[in-house]
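Working notes, structure below.
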Amino acid sequence: MRILFVEENARDYLKARQLLDDQSSQLNIDWAPNYDIALKQIKKNRYDVYLIGYEAQKAQQQKFLAWLYQFTSIPTILLTKHDESVDTVLLDRYWTDSLNKEQLSWPLLERIVRYLTNLIVLQKQEHKFEAIFNKAFEFMGLLKPNGILHDINQAALTLMGCQHEQVIGQPFWKLPWLKQAQKTQAHFKTAIATAAKGEFAHCEIEAQKQNGHAATLNFLLTPIINIQKEIIWILIEGRDLCERHDLEQQLNHSTLHDQVTGLPNRYLFMEYLEQAIVRVHQRKVYRIAVLLLDLDRFRVINASLGHDMGDWLLMEITRRLQGFLTPNATLARADGDGFMILLDEIVDMAEATRLAVTINEVLAESFLLDGYEVVTSCSIGIAYYSKQQDAMELLRDADAAMYRAKAMGKSGYAVFREGMHHYAISRLRIETELHQAFKKKDFILFFQPQIELSSEQIVGTESLIRYRHPQNGLISAIDFVPVLEDTGIIIPIGEWVLQTACQQLKAWWDAELLINRIAVNLSPYQFRSKRLVNIIAEAIESSGLEPKCLELELTENLVLEDIHSAIKILERFKEIGIRVTIDAFGTGYGSLNYLKQIPADCLKIDKSFIHGIMSSPADATITVATIDMAHALGLT
């Protein structure tokens, strides 16, 4: 046993040490002549007991005892002189005991240390129980074996609407908040009698809560037994079954419904679909169809305006769709940016296609989201049930038809036909291959020179991405970029293109090749990404280029799609110092009207006009007029 002896009087310390050393060889005693040294010793060493010379009038000693009480759990004994007595309040407050110095002996000290150690453990357990008891969210009370309420926690008082002093000392079964008094008394007396025998007991009663609502409470009574095997208390715990039922209902609803729109989720939709299939087999004339809706450009909207606005758009679309759907149509939310509709008990087989047309007509009207005007549409796959399918196969057919609708262009629909699965599987294979290609670095940049006609000098290059397919060789961007857009991986690939292009131009400069600038095409998904400006700035900074050496190309249709937002983004480019080129100029509606507002440096006339220069006077005239107009506006 290691002891710290805190004693100012060296003679008292030596006397006590001599006495203890003579009685036991198991002791290791350290001496601290004052409290500062004692604190240093305590922080440095581990002790089994503190012996402290008692000083009745010293406030410093009380501070020291308070510190020991707060930060340690070691038995503390105050050593008094023969004519001194210690304040019992002090002993109780700081878990200490006292001993006359003249009575100090090893057997007595060992006994006191054992007692104090057990006392500290018990008191800590009691404090822990009190903390759990008082902070529990559920009803807890402590009864005497005869059913008299000894203590009750705040959760129970709140439920009953009572004050602590109003209920303590009362028989629990007579509390006024309980309904059906006679029946309740009988139930409680039986349960308490069972618990008083040392057994667990249950009791369910009706009660009136503070808010006036009825409650069904289930009580568990647990006997608390002391070391002499006597029942000293009965712990009573209550649970409100009504609240539990409400919570279960909420959890059940959240499990089966989409958190954003409140619509049935895929799991619940499949249940509805399976029930509808059962009805098909039970009745002779009963038809159903599934429509799978996939929002066009939703990823672009999410990337540009953020997920909160994306969620808001989903809620607005839900509201519009619910506004015109007939009672036989069940709307549900699919994963991501999709919806599902079950058409039940179809009379006319054309009903599903008419609904698909109506859906896109309804969605054609723009949405106003936080000051932004957003236009969206959807690609719709339709599958009719045949008795050879199950629910999963029907949904798979609708999915295959939806992919076919996307391939035919935005804002359309397709009805499932045999063979569409091959297209869907092919599309899925391409998506997987493109993901793997990016990881394996199978994409490569080619650089097409930009030549100034007057000097016949190369003044810049345009970056063109190609996919090196293991079997099919080089694949052009037009064949895979739309898939990159749909899957969202255009963002990391676009970032790689920007960084690689900037680094390549810097490498040419280091090799003394005089190329002024490099152009990179931006896709719609990239253009509306919130991170685009940061990605561009990082590419310029990491390569060491000047911003004016980077040229970003955007199609005219992309700019005109949301002209006001596009102008804001282009103005950010100009602030950085980046050149902006409008590609495929001449194909967009209202081009001349907005051209003067667009902060661009260069126009690239659409190739449909260039190809006809030599054979079509009209194309030649349009091309010359466009060049003259661009020069007049200061564009190249």
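Numbers given in my numbering equal positions in the sequence shown, counted from 1, plus 22. We treat Cβ as the ideally placed atom computed from N, Cα and C, and that holds for glycine.
Under 7 Å between C-beta atoms of residue i and residue j
i	j	result
residue 487	residue 456	no
residue 314	residue 412	no
residue 185	residue 195	no
residue 563	residue 539	no
residue 122	residue 102	yes
residue 319	residue 398	yes
residue 374	residue 385	no
residue 541	residue 484	yes
residue 528	residue 566	yes
residue 561	residue 592	no
residue 100	residue 120	yes
Residue i burial status per 10 Å Cβ neighbour count (16 or more: buried)
i	result
residue 209	buried
residue 636	exposed
residue 214	buried
residue 222	exposed
residue 38	buried
residue 286	buried
residue 154	exposed
residue 346	exposed
residue 435	buried
residue 440	exposed
residue 64	buried
residue 191	exposed
residue 640	exposed
residue 471	exposed
residue 517	buried
residue 603	buried
residue 247	exposed
residue 298	buried
residue 414	exposed
residue 658	exposed
Candidates the options: closest to residue i by CA position
i	options	result
residue 621	85, 634, 596 and 639	596
residue 169	211, 157 and 182	211
residue 254	331, 164 and 478	164
residue 402	520, 654 and 427	427
residue 500	328, 489, 602 and 494	489
residue 743	484, 473, 24 and 464	Any answer about residue 743 is impossible in this case: the structure gives the chain only from 23 up to 658.
residue 663	619, 259 and 535	Residue numbering for the chain in the displayed model covers 23 to 658; residue 663 lies beyond these limits and cannot be assessed.
residue 630	623, 218, 439 and 645	645
residue 469	461, 462 and 482	482
residue 514	461, 473, 484 and 479	461
residue 568	628, 187 and 600	600
residue 553	416, 40 and 324	324
residue 82	61, 410, 67 and 624	61
residue 161	191, 242, 607 and 84	242
residue 239	293, 181 and 283	181
residue 350	535, 248, 414 and 377	377
residue 330	295, 361, 300 and 281	281
residue 623	570, 585, 583 and 590	570
residue 432	316, 458, 537 and 536	316
residue 409	332, 438, 302 and 454	302
residue 452	508, 400, 415 and 475	508
residue 284	300, 294, 363 and 336	336
residue 360	179, 305 and 417	417
residue 429	454, 407, 400 and 250	400
Sequence-distant residues of its chain with Cβ nearer than 6 Å to residue i (five each side left out)
i	result
residue 605	575, 577 and 626
residue 216	223
residue 543	575
residue 652	625
Any non-hydrogen atom of the ligand ZN closer than 6 Å to residue i Cβ
i	result
residue 502	The model on display carries no ligand, and the ligand ZN is accordingly not part of it.
Sequence-distant residues of the same chain with beta carbon closer than 8 Å to residue i, five excluded per side
i	result
residue 512	503, 506, 545, 547 and 548
residue 618	655
Residues of its chain near residue i, where Cβ-Cβ distance is below 7 Å and the 5 sequence neighbours each way are ignored
i	result
residue 449	425
residue 642	635
residue 278	286, 287, 289 and 290
7 Å Cβ cutoff, residue i in contact with chain D
i	result
residue 509	As a matter of chain content, chain D is missing from the structure shown, which is built from one protein chain.
- [ ] Flag this pair as touching only if the segment 342-355 and the segment 367-383 have three or more C-beta atom pairs under 8 Å; answer yes or no.
- [x] yes
For the pair the segment 421-430 and the segment 389-399, tell me if three or more CB-CB distances fall below 8 Å. no
Exercise for review: Evaluate the contact criterion for the segment 47-57 versus the segment 26-33: three or more CB pairs, one atom per stretch, below 8 Å.
Suggested key: Flag = yes, the segment 47-57 and the segment 26-33 touch.
- Message: Assess contact between the segment 534-552 and the segment 345-362, defined as three or more Cβ pairs (one per stretch) separated by less than 8 Å. Is contact present?
- Response: The segment 534-552 is not in contact with the segment 345-362.
* Asked: Taking contact to mean at least 3 C-beta pairs separated by less than 8 Å, is the segment 301-313 in contact with the segment 358-370?
  -> yes
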